[in-house]
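The structure appears right after this line, and notes come after that.
Number of protein chains: 2
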Amino acid sequence: MKLKELGEFGLIDRIKSGIHIPDGITGIGDDCAVIPCHNGKDLLVSTDMLIEGTHFLMDDITPYRLGWKSAAANLSDIAAMGGRPAATFLSFALPDSLDSDWTDEFFKGYNDISRRYHCPLLGGDTCVSRDRLSISVTILGECPAGTALLRSGAQDGDKICVTGYLGDAGGGLKVILDGAHRNSDAQALIAMHYMPIPRVEEGLKLGITDGIHAMMDISDGIGSDLRHILKASHKGAEVNVASLPLSDELLRTCRRNGWDPVELAISGGEDYELLFTAAPDAKIEVPHTVIGSINNSGRLVWLGTERDFGGYHHF
Amino acid sequence: MKLKELGEFGLIDRIKSGIHIPDGITGIGDDCAVIPCHNGKDLLVSTDMLIEGTHFLMDDITPYRLGWKSAAANLSDIAAMGGRPAATFLSFALPDSLDSDWTDEFFKGYNDISRRYHCPLLGGDTCVSRDRLSISVTILGECPAGTALLRSGAQDGDKICVTGYLGDAGGGLKVILDGAHRNSDAQALIAMHYMPIPRVEEGLKLGITDGIHAMMDISDGIGSDLRHILKASHKGAEVNVASLPLSDELLRTCRRNGWDPVELAISGGEDYELLFTAAPDAKIEVPHTVIGSINNSGRLVWLGTERDFGGYHHF
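Chains as they are written, first to last, in the working numbering: chain R, 1 to 315; chain V, 316 to 630.
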């Protein structure tokens with residue numbers, strides 16, 4: 001079967017079926033693998049690949065921003081489990097047209113965001129590429145044993161919450177791809193696309209908050225990501241489209257260009273906000289917006305719209 | 316400065332200079348990073364990237380062998396520290412011309428070698444590539460706290476030892492690249508190139524043997540790799556070229572094609588044998604060959620030849 005027909009998640013299911021994952025370990029299918037360390041802590045591990053032409057365009061992104069984003073996307077995976085980042089490992093295949101000024105700037109961005117979370121680069125691999133730049137980052141983190149917030153914990157009656165705004169990064173990418181006018185609003189959206197702030201502090205707080213049942217980060221848009229929580233938890237949900245948090249910058253940019261902000265909020269990728277479900281009476285001390293609720297229906301219903309929203313697909 | 320002028324190790328030094336590595340952690344510059352876990356164990360982490368056109372040719376390697384090699388190269392990095400493999404994480408960018416038969420075969424090879432060492436695949440990332448296949452594997456392993464065998468421990472008077480034969484994998488690659496006749500000897504060398512056996516059991520035994528002072532795996536040829544041990548240990552060495560262990564298959568293939576087996580043994584890459592230094596009276600229960608000795612000269616001298624041998628360079 002062609003990979004396009006199989007799809008990213010079909011391929012992952014197929015890979016998973018060939019592997020025996022030992023008891024007590026959470027592997028493949030959450031933001032991180034969770035491995036007990038028998039020292040009161042669990043080890044969290046995640047890996048991400050960024051390919052020129054698929055994830056970024058060399059002509060449009062500065063090396064500083066690319067370095068930042070490479071680290072930020074991985075830091076967000078640790079945040080998504082309620083964990084503390086510990087170290088990263090970076091492999092890249094570099095086109096030999098690049099020079100040491102480029103790599104210096106790349107690592108300046110990479111280290112600037114990594115240092116905020118005391119998460120040093122501890123190793124990697126470098127090689128030459130004949131054409132495109134490929135970057136692969138693996139991150140390690142930790143959390144108190146048994147406390148990692150998985151996708152599979154959502155419960156009937158939970159409220160569905162998100163941090164920050166949705167759709168800004170997707171709006172920024174649309175500005176780039178459509179060649180839209182880059183006023184200050186559009187620049188702000190582009191910055192959200194290239195220099196996301198991973199929600200590490202928020203994730204750590206949610207990790208020790210009673211009543212938080214499931215969590216993940218929003219990398220493909222909630223239209224796709226919320227489905228992962230529902231599938232893993234065997235639940236359904238209702239989402240109020242009118243309650244999706246939209247920034248003024250996104251609203252003004254969409255008005256100016258005739259774009260639909262709701263579509264960007266639901267299907268735009270790489271917001272790196274946290275999506276979590278919480279008991280109705282949970283005391284949540286992290287700024288957030290309630291966008292809907294979990295139920296036992298097994299279906300995802302978008303209230304206030306006729307449309308069915310998916311998410312970004314890698315294949 | 317162009318990356319070609321800077322070189323792989325110049326780039327690594329430059330990256331390292333921008334990073335603060337916390338006390339007690341060994342990062343960047345050995346086969347694995349070593350991170351204390353405070354449970355009587357140290358965590359070992361390594362990452363490797365394989366790029367189509369740089370590390371392998373799609374027309375020549377079967378997906379099964381490519382999967383095998385992707386896992387084996389990483390298992391070897393854990394072996395090189397005297398550690399026990401625990402889990403791997405794999406990212407790849409797949410050209411959309413590939414199909415699920417290809418990925419099934421790839422993971423069959425990947426899992427066949429991983430299972431031998433009880434080292435399951437626990438996560439990863441998949442995306443589409445516009446052209447070339449990129450593979451990045453990160454491996455985790457463990458060893459008793461403080462026992463990891465580093466490159467920096469070689470001592471004056473140590474004997475220099477290697478497991479297995481040198482140059483077979485390099486000979487196999489030369490058969491492929493030169494289009495040499497593929498008789499059974501040549502096929503055996505090609506198999507060593509594509510399906511190396513990581514020396515995990517040997518590494519574990521050496522890890523608990525008294526008097527083993529430094530170790531690494533041979534991925535770029537001993538001409539290059541031994542220099543890493545000498546640099547990290549601030550030592551020199553003499554190597555007896557006549558004592559390099561050469562297989563009959565390599566000797567016959569070299570004779571047939573007019574190639575120099577010594578050059579392949581010293582400069583050919585990807586043997587994935589272990590290179591280690593040991594006190595003269597160390598009781599070594601792993602099959603090995605003594606090829607020379609460590610001294611305080613700071614220089615590497617090849618006895619029995621007029622030539623100066625380097626190793627494979629990635630840039």
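A virtual CB, placed ideally from N, CA and C, is assigned to each residue, including glycine. Source: prediction; values computed, not measured.
Cutoff 6 Å; reference R/R299; Cβ partners in own chain excluding five residues on either side: Shown here for R/R299: same chain residues with a beta carbon closer than 6 Å to its own, the five before and five after excluded, namely G236 in chain order.
Nearest residue (CA-CA) to V/K356, options V/P400, V/I505 and V/W617: The candidate whose alpha carbon is nearest that of V/K356 is V/P400.
Which of helix, strand or coil DSSP assigns to R/I218: Three-state result, R/I218: coil.
Sub-9 Å separation of V/T362 and R/F89 beta-carbons: If you check the CB distance, V/T362 and R/F89 come in under 9 Å.
Backbone secondary structure at V/I340 - three-state DSSP: The three-state secondary structure of V/I340, taken from DSSP, is coil.
Residue span of the beta strand (DSSP E) that contains V/F404, given as start and end: From DSSP, the beta strand (DSSP E) with V/F404 extends over R399 to P410.
Touch test, the region 202–213 of chain R against the region 126–134 of chain R, Cβ-Cβ under 8 Å, three pairs minimum: A contact is defined here as three or more CB-CB pairs under 8 Å, and the region 202–213 of chain R fails this definition with respect to the region 126–134 of chain R.
Member of R/V200, R/A279, R/D271 and R/I294 whose CA lies at the smallest distance from the CA of R/V239: Sorting R/V200, R/A279, R/D271 and R/I294 by C-alpha distance to the C-alpha of R/V239 places R/I294 at the top.
Chain V contact residues for R/H181, given Cβ-Cβ distances below 8 Å: By Cβ distance, chain V contributes nothing, its closest Cβ being about 28 Å from R/H181, past 8 Å.
Close-in-space but distant-in-sequence residues of the same chain around R/K16 (CB under 6 Å, 5 per side omitted): Annotation for R/K16: I28 place their beta carbon closer than 6 Å to its own, counting only its chain and skipping 5 residues before and after.
Min CB distance V/K384 to chain R below 9 Å: With 9 Å as the cut-off, V/K384 does not count as an interface residue toward chain R.
V/D563 in three-state terms, based on DSSP: Collapsing the DSSP output to three states places V/D563 in a helix.
Neighbourhood of V/V443 by C-beta, 8 Å cutoff - its chain only, sequence neighbours within 5 removed: Contacts found: A408, L409, P410 and D411.
Interface flag, R/G123 vs chain V, CB-CB below 9 Å: Taking Cβ atoms only, chain V reaches closer than 9 Å to R/G123, which makes this a yes.
Partner residues on chain V for R/P196, Cβ-Cβ distance less than 7 Å: Chain V residues near R/P196: none, gap ~17 Å exceeds 7 Å.
Anticipated Cβ contact below 8 Å, V/S539 with R/S91, distance rounded: So it is not a contact: roughly 19 Å between Cβ atoms.
Under 9 Å from the C-beta of R/M49: neighbouring residues of chain V: Within 9 Å Cβ-Cβ: S406, F407, A408, G439, D440, T441, C442, S449 and S451.
Contact check, V/T453 vs V/V360, beta carbons under 9 Å: Yes; because the gap between Cβ atoms is below 9 Å, this pair is in contact.
Delimiting residues of the beta strand (DSSP E) encompassing R/L66: R/L66 -> not in any beta strand (DSSP E); alpha helix (DSSP H) instead, spanning P63 to A79.
Any chain V beta carbon closer than 9 Å to R/E276: It is worth fixing the name first, because residue 276 of chain R is Phe in this sequence and not Glu. By this cut-off, R/F276 is not an interface position.
Any non-hydrogen atom of the ligand MG closer than 8 Å to R/H228 Cβ: The ligand MG is not part of the structure shown, which contains no ligands of any sort.
Nearest to V/D563 (by Cα), restricted to the options V/G494, V/L481 and V/M510: When each option's Cα is compared against that of V/D563, the closest is V/L481.
Euclidean distance between Cα positions of V/H629 and R/L98: Unreliable positioning characterises V/H629 in this predicted model, as indicated by a pLDDT of 49, which lies under 50. A coordinate reading is not provided.
Start-end ranges of the beta strand (DSSP E) lying completely within the region 238–314 of chain R, minimum 3 residues: Entirely contained in the region 238–314 of chain R, the beta strand (DSSP E) runs reaching 3 residues are, in chain order, 274–278, 289–295 and 300–303.
9 Å Cβ cutoff, V/V360 in contact with chain R: By this cut-off, V/V360 is an interface position.
R/A71 beta carbon less than 9 Å from that of R/N111: Contact: yes.
Beta-carbon spacing of V/A529, V/S499 below 9 Å: Against a cut-off of 9 Å, the Cβ pair of V/S499 and V/A529 comes out as no contact.
Extent of the continuous beta strand (DSSP E) run through V/G424: No beta strand (DSSP E) holds V/G424; the alpha helix (DSSP H) holding it covers S415 to R431.
CA nearest to the CA of V/H433, picked from V/L561, V/F371, V/G456 and V/L618: Among V/L561, V/F371, V/G456 and V/L618, the Cα nearest to that of V/H433 is on V/G456.
R/A169, enclosing alpha helix (DSSP H) - first and last residue: Where R/A169 is concerned, the enclosing alpha helix (DSSP H) stretches over D168 to D178.
Closer than 8 Å at the beta carbon, the chain V residues around R/P22: Under the 8 Å cutoff, chain V gives P435.
Identity of the residue in R/T26, R/G269 and R/F9 nearest R/A145 by Cα: Among R/T26, R/G269 and R/F9, the Cα nearest to that of R/A145 belongs to R/T26.
Reference V/T462, options V/I544, V/M364, V/C347 and V/G424, closest by Cα: Of all alpha-carbon atoms in V/I544, V/M364, V/C347 and V/G424, the one lying nearest the alpha-carbon of V/T462 is that of V/C347.
Neighbour-count burial assignment, V/H335, 16 or more Cβ in a 10 Å radius: Answer is exposed; the Cβ neighbour count stays below 16.
Residues of its chain near R/M216, where Cβ-Cβ distance is below 7 Å and the 5 sequence neighbours each way are ignored: Its chain contains D31, A80, R151, D225, H228, I229 and L275 as the residues whose beta carbon lies nearer than 7 Å to that of R/M216, once the 5 sequence neighbours on both sides are disregarded; these appear in chain order.
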